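Residue numbers (my numbering), protein chains in the order written: chain A, 1 to 535; chain B, 536 to 728. All residues carry an ideal CB built from backbone N, CA and C; glycine is no exception. None of these values were measured; they are calculated from a predicted model.
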Amino acid sequence: MDKLMLLGDEAIAQAGMDAGISGIYAYPGTPSTEIMEYVQKSVSSPAHEIFCQWSANEKTAMEAALGMSYAGKRTMVCMKHVGLNVAADPFMNSAVTGVNGGFLIVVADDPSMHSSQNEQDSRFYGKFAMIPVLEPSNQQESYDMVFHGFELSEKFRLPVMIRITTRLSHSRAAVKGKETLDKKTLGLPADPMQFILLPGIARKRYSNLLSYQPEIEKESEHSGYNQFFQGNDNSIGFIACGLAYNYLMEIVHAKKLDHPVLKISQYPLPRLLIRKIKDQCDSLLILEEGYPLVEEFLKGFPGSDKKITGRLDGSLPREGELNPDHVAKALGFSVMEGPSVPGVVKNRPPSLCKGCGHIDMYNALIEAIETYGPGRVFSDIGCYTLGALPPFSAINSCVDMGASITMAKGAADAGLHPSVCVIGDSTFTHSGMTGLLDAVNDQSPITVIIGDNSTTGMTGGQASSATGRIEDICRGIGVLPEHIRLIIPLKKNHAENVAVMKEEFAYRGVSVIIARRECIQVANRRRKEVRTIKS
Amino acid sequence: MKTDIIIAGVGGQGILSIAACIGLAAINSNLQLKQSEVHGMSQRGGAVVSNLRLSDREIYSDLIPRGGADLILSVEPMEALRYLPWLTEGGWVVTNTTPVKNINNYPGSAEIITEIKSLKNNIIIDADEIAREIGSPRSSNMVVLGAATPFIDIDYKIFESGIAGIFERKGNDTVEINLQAMRAGREFSIKNN
Ligand SMILES: Cc1ncc(C[n+]2csc(CCOP(=O)(O)OP(=O)(O)O)c2C)c(N)n1
Numbered sequence: 001m002d003k004l005m006l007l008g009d010e011a012i013a014q015a016g017m018d019a020g021i022s023g024i025y026a027y028p029g030t031p032s033t034e035i036m037e038y039v040q041k042s043v044s045s046p047a048h049e050i051f052c053q054w055s056a057n058e059k060t061a062m063e064a065a066l067g068m069s070y071a072g073k074r075t076m077v078c079m080k081h082v083g084l085n086v087a088a089d090p091f092m093n094s095a096v097t098g099v100n101g102g103f104l105i106v107v108a109d110d111p112s113m114h115s116s117q118n119e120q121d122s123r124f125y126g127k128f129a130m131i132p133v134l135e136p137s138n139q140q141e142s143y144d145m146v147f148h149g150f151e152l153s154e155k156f157r158l159p160v161m162i163r164i165t166t167r168l169s170h171s172r173a174a175v176k177g178k179e180t181l182d183k184k185t186l187g188l189p190a191d192p193m194q195f196i197l198l199p200g201i202a203r204k205r206y207s208n209l210l211s212y213q214p215e216i217e218k219e220s221e222h223s224g225y226n227q228f229f230q231g232n233d234n235s236i237g238f239i240a241c242g243l244a245y246n247y248l249m250e251i252v253h254a255k256k257l258d259h260p261v262l263k264i265s266q267y268p269l270p271r272l273l274i275r276k277i278k279d280q281c282d283s284l285l286i287l288e289e290g291y292p293l294v295e296e297f298l299k300g301f302p303g304s305d306k307k308i309t310g311r312l313d314g315s316l317p318r319e320g321e322l323n324p325d326h327v328a329k330a331l332g333f334s335v336m337e338g339p340s341v342p343g344v345v346k347n348r349p350p351s352l353c354k355g356c357g358h359i360d361m362y363n364a365l366i367e368a369i370e371t372y373g374p375g376r377v378f379s380d381i382g383c384y385t386l387g388a389l390p391p392f393s394a395i396n397s398c399v400d401m402g403a404s405i406t407m408a409k410g411a412a413d414a415g416l417h418p419s420v421c422v423i424g425d426s427t428f429t430h431s432g433m434t435g436l437l438d439a440v441n442d443q444s445p446i447t448v449i450i451g452d453n454s455t456t457g458m459t460g461g462q463a464s465s466a467t468g469r470i471e472d473i474c475r476g477i478g479v480l481p482e483h484i485r486l487i488i489p490l491k492k493n494h495a496e497n498v499a500v501m502k503e504e505f506a507y508r509g510v511s512v513i514i515a516r517r518e519c520i521q522v523a524n525r526r527r528k529e530v531r532t533i534k535s
Numbered sequence: 536m537k538t539d540i541i542i543a544g545v546g547g548q549g550i551l552s553i554a555a556c557i558g559l560a561a562i563n564s565n566l567q568l569k570q571s572e573v574h575g576m577s578q579r580g581g582a583v584v585s586n587l588r589l590s591d592r593e594i595y596s597d598l599i600p601r602g603g604a605d606l607i608l609s610v611e612p613m614e615a616l617r618y619l620p621w622l623t624e625g626g627w628v629v630t631n632t633t634p635v636k637n638i639n640n641y642p643g644s645a646e647i648i649t650e651i652k653s654l655k656n657n658i659i660i661d662a663d664e665i666a667r668e669i670g671s672p673r674s675s676n677m678v679v680l681g682a683a684t685p686f687i688d689i690d691y692k693i694f695e696s697g698i699a700g701i702f703e704r705k706g707n708d709t710v711e712i713n714l715q716a717m718r719a720g721r722e723f724s725i726k727n728n
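Encoded structure:
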């Protein structure tokens, strides 16, 4: 088979298709988005017949995937690290129910928070749920591990996690494909009670999960992805997890080092392999792209007399992603830097696009709320979060998707008036609607501004779940029709838009203002497509 | 052979298409390749960078170590300076001169050009002007790519056949104009280094 130049994300997607998935479920989120997008681009012929539509959020995606597995078919669900928080309930319980068709959970972490609110390490979730976790170190492993993951999942009837990080998700290299597997046919679980987590059954299922632990650990001991490489100099040994292995190899080859190395790419941790390198070496340096999971585990080892270094003792930075320079410094090599960055170079943070409707929405909001004073606008995550930066400085919070509405409600319940929030259309359907229901039920006086650009803008313009139906949803939830207002965020409508906002801020009940204008990026792309079709 | 290249620009300027052209030429030369890209928030007008590593041996890290880049190729002048700590001794900086001024405190163009000129190996090219001259204002990225080709250890003919392949679908005229843009950039570099 030909080699393809694939991003880590794309390698996983290609492998999923080659390994016979019948469906893939996901909600967009950097750095995981390209997995679903690649399948959507590839599935052009009906022969593929792979279900590949975006879900409303990560929880619905996880549950739908579990349903497909229940029906006997192979499936993948993909999300960014914080998406797993949203899907944590079905995630944890899917380990207890176990699966029927092969079930892969692909989670892309974002150390250094390039496009995220935190840098949580999903390997802890894998350990928490007690399922196998695979952590590829390069694009080829990303591909191969999908096949390996399905094998493990079908052998133990457990969900299996693949954990990648930004640099692998978004880096391209040659990948060689495998022979494709056929899709599975429809087939119900052998045990009709398997998925019924009533306490009596759940206890049995949980015992079952526990009973598998020694076996899945044995899988890690013998996995071809966990490799011990001998070295002649035992003064120090290296344990490198996933991507960190590459940074280590970069330095090992540049400096011609000859120490034992344990590469870890499959969990639960292979304790025998770890014991081997620990017994053999005088000290250990632990390299992990994420939190110090292995390092903490080792430091807690009984009789831990040896020197163990890594992120916890300052040999490596405690936060952020690793790079070859960190590894070189941890080993005592000086880094030959080029010239320093001259003072004329200024930061260039992301900003709203020229012609974005959010700009006019914020300009109206800033004027309408001025008389009330600062500190009253809650928001969350989307392109509109850039309203936190100058020249707008218009929002006061960004915690998690959907939190704009619920935090505004809590503040209103505490007596803040007006209590306003700004949320995007995709974020509203992801997890804003339930919060709006709370506000309606409790008659909490808030004004919800929905910046409706009819797309999931921040992640590159994926379809948004409720395009064209936002008013209906708000009405259905119980917002009074006269307090559902539509504005068009354009400069020429500024005065009118300010007036609408002022009216609703003065109202002591639940109101929704929909600021609707198509995302400029999506509009441009559509115009371009029309041009190419014509030419 | 090993060439480590940093490609810099501003989100929306299309640096990934330049990376793709070099990548294709590398593959057609039977080289190994790793290409790290920026996706996500920074693509909204922020600083973006791609690390492109070409080698005839196995490449480990997706990221170029500091002091390791043989070439910084930038489609925007201020961005050409942001990654200097990654430049190796004797490495080249090739940059377009057209600024993207989407921040309030954007420095004066003269200051930036002075800084770039103070580097030992630099090519400063008005790629937009050259692209206009050849009648294809949208091909400025191809001009910058052309200006960088003398510093990449790949036969120029392989670049040309790669470009022809990439634009084939859009017709002969498009292929020709892009080849012309790349050649104009290359000639500028050869004349000015
Ligand atoms: C739980 C979770 N899932 C996904 C993301 C990634 N993400 C950030 S903003 C966003 C979508 C925003 O779309 P929308 O609400 O329509 O606002 P827009 O960007 O279009 O203004 C997504 C998917 C996230 N931060 N958290």
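- For B/P672, the closest Cβ of chain A is not nearer than 8 Å.
- Runs of alpha helix (DSSP H) with 4 or more residues, each lying fully within the region 109–134 of chain A, are found at 123–129, listed in chain order.
- For A/K307, the secondary structure class from DSSP, reduced to helix, strand or coil, is strand.
- Short note on A/K80: C-beta closer than 7 Å to some heavy atom of ligand 1.
- Residue state for B/A662 is assigned as helix, using DSSP reduced to three classes.
- With the rule of 3 Cβ pairs closer than 8 Å, the region 152–170 of chain A does not count as touching the region 300–319 of chain A.
- Of the residues A/K204, A/S351, A/S397, A/G432, the one whose Cα lies closest to the Cα of A/L386 is A/S351.
- Excluding five sequence positions before and after A/D89, the CB atoms of its chain that fall closer than 8 Å to its own CB belong to K59, given in chain order.
- Close partners of A/T30 in chain B (Cβ separation under 8 Å): H574, G575, M576.
- The C-beta separation of A/V500 from A/I488 comes to about 11 Å, leaving the pair out of contact by the 8 Å criterion.
- Annotated three-state conformation of A/Q53 is coil, per DSSP.
- Positions of the alpha helix (DSSP H) runs, each at least 4 residues long and wholly inside the region 625–679 of chain B, are given as 644–652, 662–668 in order along the chain.
- Interface annotation, A/A173: in contact with chain B, CB-CB separation under 8 Å.
- In chain order, L619, P620 make up the part of chain B whose C-beta sits under 8 Å from the C-beta of A/S340.
- Bridge pairing for A/R516: A/D452 [DSSP].
- Taking a cut-off of 8 Å for Cβ pairs, the region 511–520 of chain A and the region 627–644 of chain B do not touch, as fewer than three such pairs fall below it.
- Along the region 553–637 of chain B, the alpha helix (DSSP H) occurs as fully enclosed runs of 4 or more residues at 612–617, listed in sequence order.
- If you check the C-beta of A/S351 against ligand 1, you find no heavy atom less than 7 Å away.
- In the pairwise beta carbon analysis, the region 540–556 of chain B is classified as touching the region 591–611 of chain B: at least three pairs are separated by under 8 Å.
- Where A/F91 is concerned, the enclosing alpha helix (DSSP H) starts and stops at 88–97.
- For the 8 Å CB-CB criterion, B/A582 and A/R348 form a contact.
- For A/F378, the enclosing beta strand (DSSP E) starts and ends at 377–379.
- In its chain, beyond the 5 residues on either side, T632 have a beta carbon closer than 6 Å to the beta carbon of B/D661.
- The Cβ atoms of A/Y267 and A/G126 sit closer than 8 Å to each other.
- Rounded to the nearest angstrom, the Cβ distance from A/Y212 to A/F128 is 15 Å, too far for a contact under 8 Å.
- The contact set of A/H358 on chain B, defined by CB atoms closer than 9 Å, is empty, because the minimum CB distance reaches about 11 Å.
- With a threshold of 8 Å between beta carbons, A/C383 makes contact with chain B.
- Between A/G242 and A/P136, the gap from beta carbon to beta carbon is short of 8 Å.
- When DSSP states are grouped into helix, strand and coil, B/I687 belongs to the coil group.
- Not one beta carbon of chain A lies nearer than 8 Å to the beta carbon of B/P685.
- For a Cβ distance threshold of 8 Å, nothing in chain A lies close to B/E664: the least Cβ distance comes to about 23 Å.
- For B/S724, the enclosing alpha helix (DSSP H) covers residues 707–727.
- Linking A/K329 to A/E289 through their CA atoms gives a straight-line distance of about 16 Å.
- For A/Y25, the enclosing beta strand (DSSP E) has its first and last residue at 23–26.
- Here the alpha carbon of B/E695 sits roughly 31 Å from the alpha carbon of B/R601.
- For B/V584, there are no C-beta contacts with chain A under 8 Å, since the nearest C-beta of that chain is about 11 Å from it.
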